[in-house]
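A.B. asks:
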Amino acid sequence: MSHAITPSGRAINPWWIGLTLTIATFMELLDTSIANVSLPHIAGGLGTSLDEATWVLTSYLVANAVVLPLSAWLSRVFGRKRYYMVCVALFTASSFLCGTAPNLGLLIFFRVLQGIAGGGLAPSEQAMLVDTFPPAKRAAAFGLYSMAIVLAPALGPTLGGWITDNSSWRWIFFINIPIGLLSVILTSRLVTDPPAFTEERRRIKESGRSRVDYVGILLFAIGFGCLEVVLDKGQEDDWFGSPFITAFTLVSLMALIFAVAWELHHEDPVVDLTLLGNRNFALASGLFFLFGFILFSSTVLMPQLLQSLDSYDATTAGMVLTPGALVIVVMAPFIVRLTPIVGAKRLICVGFFFIAVAVWHVGHLALNADYEVFARARMLQGFGLGFLIVPITQVAYSYLPPEKNNKASSLTNLFRNEGGSFGITFANTMLAQRAQFHQSILAQHATPANAVYQEWLQHVSSDFMHAGYSAIEAANRAQAQLYAMLNQQASLLSYLDCFVGLVVPASVGLILAMVIKNFRPPEKRAPVH
């Protein structure tokens, strides 16, 4: 095993560095979902409405989306290790401040700080893993990284629900403090910037190309910030029926168009879009978008579906995600060994095929299916997802020079996160639209002309009359019960439709994987920094 060199000059097993970096990334990804189930408690504790409390989620996502595309440039300006440590420290401090926030306004402000810090963690870790491990060993490092990406969003809702039920919502933020402190200490002692990265920084400074791209920074900040607001609030505000959403959409679109045009002609762009001219990198970015789309949308849909069955609480419903995540963890070392033998391209195709089968299966389950059936379906989906992260990451870096690793990690993480945002928006929008559709279809059968409907109504009305209600009260209660059942049935059918809809991105991923340019990771070990 090659060894990495610590700041003190000692040789160290690179796996210690990999574990150190994964700790903080897991913490950050956990925070993207851990607050979801705690929103009612946060709203109640701070004396605000649930609608206003959703800005606790939106503010984090907006800040995170703004920083992600800029993280490569920021790490180059400040030094990757220094920037990473600042991000971890700020994330830890803002977590403490979130937990002590006395009102909603301050909590949202501290969540913005947390999102700014979190946006730099995952891209920095990925770039540092690429530089720490030689090409022949990167698959194993990416396997470790994949565990953080998949486990954190899956465990977030369950852990958040358990903490809120057994303690206070403030502890969903306080749990980050010891993890963050440990990460800062270990990073300072174990991690160092690689020579290729340091040399690139030196060349840029000496050539005088280190001018700050203020225009690019501003355009990307506005573009992705507004886009995240649109995706998070669009369904709630009736999409383009809302002047607010329409205005933010136009601003986002114009800002991103101008940003792309500006960056492609800038001498030292803040985001290196020329990387997308590399075929494998462009395909990997698209595959990461689809991966994020499927992972985050299904992670939102599955627990909500079980809760809609009226027989599971939030914590139990969230636990259905755990078996699928554990499948990915178990698969990781096997995928690492299979990648150089079978090839990344074939593994990715297999992964998207199993995902398509899994979501199609969920979309056709009976509404009276029990918990174990849904858990097994999630495990099948996890089996498919397990084939993706390591091979896709290897495809992304397959034809890139080492000095491009930092910029590449920023873009791949941006695509994955935006895919997740689009996936969650797809889930929320399709749920609402398909529920209305099924309500209208079911309501057509609830008419006096339908003998089955009339028989059921008379039977339920009779039960209410035997319970002591008058004939009029009994009829009204029977109608109300029927309406509630109709709405529940429509809601459940809309969830199944959403899972069927996920067959489309899985199929697109399968097609994209087929045109990946074949490569084989080098057997010769490159020097490790």
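The working numbering puts the first residue of the sequence shown at 1, with every later residue one more than the last. For every residue, glycine included, the Cβ atom is placed at its ideal position computed from N, Cα and C.
Check whether the segment 420–437 touches the segment 354–374, taking contact to mean three or more Cβ pairs, one atom from each stretch, closer than 8 Å.
C.D. replies: The segment 420–437 and the segment 354–374 do not touch, with fewer than 3 CB-CB distances between them shorter than 8 Å.
A.B. asks: So, does the CB of Ser168 fall closer than 8 Å to a CB anywhere in chain D?
C.D. replies: This model lacks chain D altogether, as it is built from one protein chain only.
A.B. asks: So, at 8 Å on beta carbons, what are the nonlocal neighbours of Tyr495 in its own chain, with the 5 sequence-adjacent residues on each side left out?
C.D. replies: Numbered from 1 along the sequence shown, position 495 holds the residue referred to as residue 495. The answer, listed in chain order, is Leu301, Gln304, Leu305, Ser308 and Leu431.
A.B. asks: Quick check on the DSSP output: the alpha helix (DSSP H) that includes Val500 runs from which residue to which?
C.D. replies: Position 500 of the sequence shown holds residue 500. Per DSSP, Val500 belongs to the alpha helix (DSSP H) from Ala471 to Gly501.
A.B. asks: Which whole-angstrom value describes the C-beta separation of Gly18 and Leu129, a residue pair presumed to lie in contact below a C-beta threshold of 8 Å?
C.D. replies: The residue you call residue 18 lines up with position 18 of the sequence shown. The residue you call residue 129 lines up with position 129 of the sequence shown. The Cβ separation is near 6 Å, so the contact holds.
A.B. asks: Roughly how far, in whole angstroms, is the beta-carbon of Tyr530 from the beta-carbon of Thr187, given that I think they are within contact range, below 8 Å?
C.D. replies: Past the edges of the chain, shown from 1 to 529, lies residue 530, and the structure says nothing about it.
A.B. asks: In its own chain, which residues sit with a C-beta less than 7 Å from the C-beta of Thr315, not counting the 5 before and 5 after it?
C.D. replies: Against the sequence shown, residue 315 aligns to sequence position 315. For Thr315, where only same-chain residues beyond five positions count, the Cβ hits under 7 Å are Thr158, Gly161, Trp162 and Asp165.
A.B. asks: Does the distance from the CB of Leu264 to the CB of Leu256 come in under 8 Å?
C.D. replies: Position 264 of the sequence shown holds residue 264. Position 256 of the sequence shown holds residue 256. Their beta carbons are not under 8 Å apart, which means Leu264 does not touch Leu256 by this criterion.
A.B. asks: Any idea if Asp238 is buried or exposed, counting beta-carbon neighbours within 10 angstroms, 16 or more meaning buried?
C.D. replies: Taking the first residue of the sequence shown as position 1, residue 238 is located at position 238. By the neighbour-count rule (16 or more Cβ atoms within 10 Å), Asp238 is not buried but exposed.
A.B. asks: Count the other C-beta atoms from every protein chain shown that fall within 10 angstroms of the C-beta of Gly386, then say buried if there are 16 or more, exposed otherwise.
C.D. replies: Walking along the sequence shown from the start, residue 386 turns up at place 386. Buried, since its Cβ has 16 or more Cβ neighbours within 10 Å.
A.B. asks: Can you look up Pro448 in the DSSP assignment and give me helix, strand or coil?
C.D. replies: As a first step, residue 448 must be located in the sequence shown, where it is residue number 448. Coil at Pro448, not helix or strand.
A.B. asks: Shorter than 7 Å, the distance from the beta carbon of Gly234 to the closest heavy atom of the ligand MG, or not?
C.D. replies: Among the components modelled here there is no ligand, and therefore nothing to report on the ligand MG.
A.B. asks: Shortest alpha-carbon distance to Leu144 belongs to which of Asp268, Ala484, Val508 and Ala24?
C.D. replies: Taking the first residue of the sequence shown as position 1, residue 144 is located at position 144. When only C-alpha atoms are compared, the closest one is Ala24.
A.B. asks: Label Arg202 either buried or exposed according to how many other C-beta atoms from any shown protein chain fall within 10 Å of its C-beta, with 16 as the threshold for buried.
C.D. replies: Counting from 1 along the sequence shown, the entry for residue 202 is found at position 202. Exposed: under 16 other Cβ atoms inside 10 Å.
A.B. asks: For Leu30 and Gly156, which I take to be in contact (beta-carbon distance under 8 Å), what is that distance rounded to the nearest angstrom?
C.D. replies: Within the sequence shown, numbered from 1, the residue matching residue 30 stands at position 30. Within the sequence shown, numbered from 1, the residue matching residue 156 stands at position 156. The Cβ separation is near 5 Å, so the contact holds.
A.B. asks: Since Met379 and Pro323 should fall inside the 8 Å C-beta cutoff, what is the C-beta to C-beta distance between them, to a whole number of angstroms?
C.D. replies: What you label residue 379 is simply residue 379 of the sequence shown in a count that begins at 1. What you label residue 323 is simply residue 323 of the sequence shown in a count that begins at 1. Contact flag correct, Cβ pair sits at about 5 Å.
A.B. asks: Can you give me the Cβ contacts of Ala344 inside the same chain, cut-off strictly under 6 Å, excluding the 5 residues immediately before and after it?
C.D. replies: Counting from one through the sequence shown, the residue named residue 344 turns up at place 344. Result list for Ala344: Pro391, Gln394 and Val395, in chain order.
A.B. asks: Go through its chain and collect everything with a Cβ distance to Pro69's Cβ below 8 Å, but skip five positions before and after it.
C.D. replies: By 1-based counting over the sequence shown, the position of residue 69 is 69. So the list reads Phe220, Phe224, Val270, Val271, Ser410, Leu411 and Leu414, once near-sequence residues are dropped.
A.B. asks: Identify, in the order they occur along the chain, each residue of the same chain with its Cβ nearer than 6 Å to the Cβ of Ala122, setting aside the five sequence neighbours on each side.
C.D. replies: What you label residue 122 is simply residue 122 of the sequence shown in a count that begins at 1. Cβ neighbours of Ala122 beyond the five flanking positions: Thr25 and Asn413.
A.B. asks: Tell me the start and end of each unbroken beta strand (DSSP E) in the segment 39–113 that is at least 3 residues and wholly inside, in chain order.
C.D. replies: none
A.B. asks: The alpha helix (DSSP H) with Phe174 in it runs from where to where?
C.D. replies: Start at 1 with the first residue of the sequence shown, and residue 174 comes out as number 174. Per DSSP, Phe174 belongs to the alpha helix (DSSP H) from Trp171 to Phe174.
A.B. asks: Just the C-alpha distance for Ala480 and Tyr397, rounded to the nearest angstrom, thanks.
C.D. replies: Within the sequence shown, numbered from 1, the residue matching residue 480 stands at position 480. Within the sequence shown, numbered from 1, the residue matching residue 397 stands at position 397. If I take the Cα positions, the gap works out to 59 Å.
A.B. asks: When you compare only the Cα positions, how much space is there between Ile185 and Leu290?
C.D. replies: Position 185 of the sequence shown, counted from the first residue, corresponds to residue 185. Position 290 of the sequence shown, counted from the first residue, corresponds to residue 290. Rounded to whole angstroms, the gap between the alpha carbons of Ile185 and Leu290 is 35 Å.
A.B. asks: Indicate whether the contact test is met: 3 or more Cβ pairs, each with one atom in the segment 109–119 and one in the segment 63–79, closer than 8 Å.
C.D. replies: Because the criterion of three Cβ pairs below 8 Å is met, the segment 109–119 and the segment 63–79 touch.
A.B. asks: From Cys349 to Leu510, what does the alpha carbon distance come to, in whole angstroms?
C.D. replies: Here residue 349 refers to the residue found at position 349 of the sequence shown. Here residue 510 refers to the residue found at position 510 of the sequence shown. Going by the C-alpha atoms only, they are around 5 Å apart.
A.B. asks: Helix or strand or just coil, what does DSSP make of Pro401?
C.D. replies: Position 401 of the sequence shown holds residue 401. Pro401: coil per DSSP, three-state reduction.
A.B. asks: Met465 to Ile175, Cα distance in whole Å?
C.D. replies: In the sequence shown, the residue the question calls residue 465 occupies position 465. In the sequence shown, the residue the question calls residue 175 occupies position 175. Cα to Cα, the separation comes out at about 54 Å.
A.B. asks: Are the beta-carbon atoms of Leu275 and Lys407 separated by less than 8 Å?
C.D. replies: On the sequence shown, residue 275 is found 275 positions in, with the first residue counted as 1. On the sequence shown, residue 407 is found 407 positions in, with the first residue counted as 1. The answer is yes: Cβ separation under 8 Å.
A.B. asks: Ends of the alpha helix (DSSP H) at Asn166?
C.D. replies: Walking along the sequence shown from the start, residue 166 turns up at place 166. Arg138 to Asn166 is the extent of the alpha helix (DSSP H) around Asn166.
A.B. asks: Would Ala35 and Ala43 qualify as a contact pair, given that the criterion is a beta-carbon distance under 8 Å?
C.D. replies: Sequence index remark: in the sequence shown, residue 35 carries index 35 (1-based). Sequence index remark: in the sequence shown, residue 43 carries index 43 (1-based). Against a cut-off of 8 Å, the Cβ pair of Ala43 and Ala35 comes out as no contact.
A.B. asks: For the alpha helix (DSSP H) holding Val251, just list the boundary residues, first then last.
C.D. replies: For this step, residue 251 is matched to residue 251 along the sequence shown. Element bounds for Val251: Pro243 to His265.
A.B. asks: Are the CB atoms of Gly382 and Ala325 nearer to each other than 8 Å?
C.D. replies: Here residue 382 is taken as the residue at index 382 of the sequence shown, counted from 1. Here residue 325 is taken as the residue at index 325 of the sequence shown, counted from 1. Closer than 8 Å, so yes.
A.B. asks: Over the uninterrupted alpha helix (DSSP H) stretch that includes Asp31, give me the two end residues.
C.D. replies: In the sequence shown, residue 31 corresponds to position 31, counting from 1. Segment Pro14 to Asp31, the alpha helix (DSSP H) holding Asp31.
A.B. asks: Could you give the C-beta distance for Ile335 and Leu347, rounded to a whole number, given that I count them as a contact under 8 Å?
C.D. replies: Within the sequence shown, residue 335 is the residue found at index 335, counting from 1. Within the sequence shown, residue 347 is the residue found at index 347, counting from 1. About 7 Å separates the two Cβ atoms, so the contact holds.
A.B. asks: Let me know if Phe173 comes out buried or exposed under the rule of 16 or more other beta-carbons within 10 Å of its beta-carbon.
C.D. replies: Here residue 173 refers to the residue found at position 173 when the sequence shown is read from its first residue. Buried, by the Cβ-count rule.
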